[in-house]
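Adding 58 to a residue's 1-based position in the sequence shown gives its number in our numbering. Glycine included, each C-beta is placed from N, C-alpha and C at the ideal position. These numbers come from a predicted model, not from an experiment. Everything below concerns the one structure shown next.
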Amino acid sequence: KLSSIHGFARKFETDFITIYYHRDSVDFIPKGFDKGSAVKLILQQLKIKKEDLYVFGNSHNDIPMLKLTKNSFLIKNKFDEINPLKIFTSYEDLATFLQNFN
C-alpha cells in the first residue's frame with residue numbers, strides 16, 4: 059500500500075532532506091536542490107538560453123523548474139505560483155501537442 063510507503067518515508071524527514079509525496083511514489087531530494095537547480099545547471103553546461111527551454115510538469119516538485127521559463131506547461135494540475143502557456147487535461151493531449159509542435 060502506498061500509505062505504508064509514505065509512512066516509511068516520513069521516518070527519513072530531516073533538515074537535510076525534502077520529501078515529496080505523490081499519489082504513486084515518493085521523492086527524496088537533498089535540501090537546496092530541486093528540479094530548478096538541476097535544469098539551471100544543464101542550461102549552463104549546454105549553453106542554452108532559458109527562453110529556448112520548454113518544460114512540462116504535473117506536481118509540486120516541478121514548480122522550481124516550471125518557474126525558469128515562460129515556456130512552461132502543466133499536466134492535469136494547476137498551481138497558483140505558475141502561469142503556464144497551457145494546461146493539458148491528459149498525457150494523451152500532451153503527446154498530441156508534441157507530435158504537432160513546430
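For residue 82, the closest of 62, 93 and 89 by C-alpha to C-alpha distance is 62.
Under the Cβ criterion (8 Å, minimum of three pairs), the region 103-121 counts as touching the region 84-95. Nearest to residue 86 by alpha-carbon distance, out of 72, 98, 97 and 151, is 72.
Secondary structure of residue 131 (DSSP, three-state): strand. In the structure shown, the three-state DSSP call for residue 82 is coil.
Each of 131, 132, 154 and 75 was checked against the Cα of residue 89, and the nearest Cα belongs to 75.
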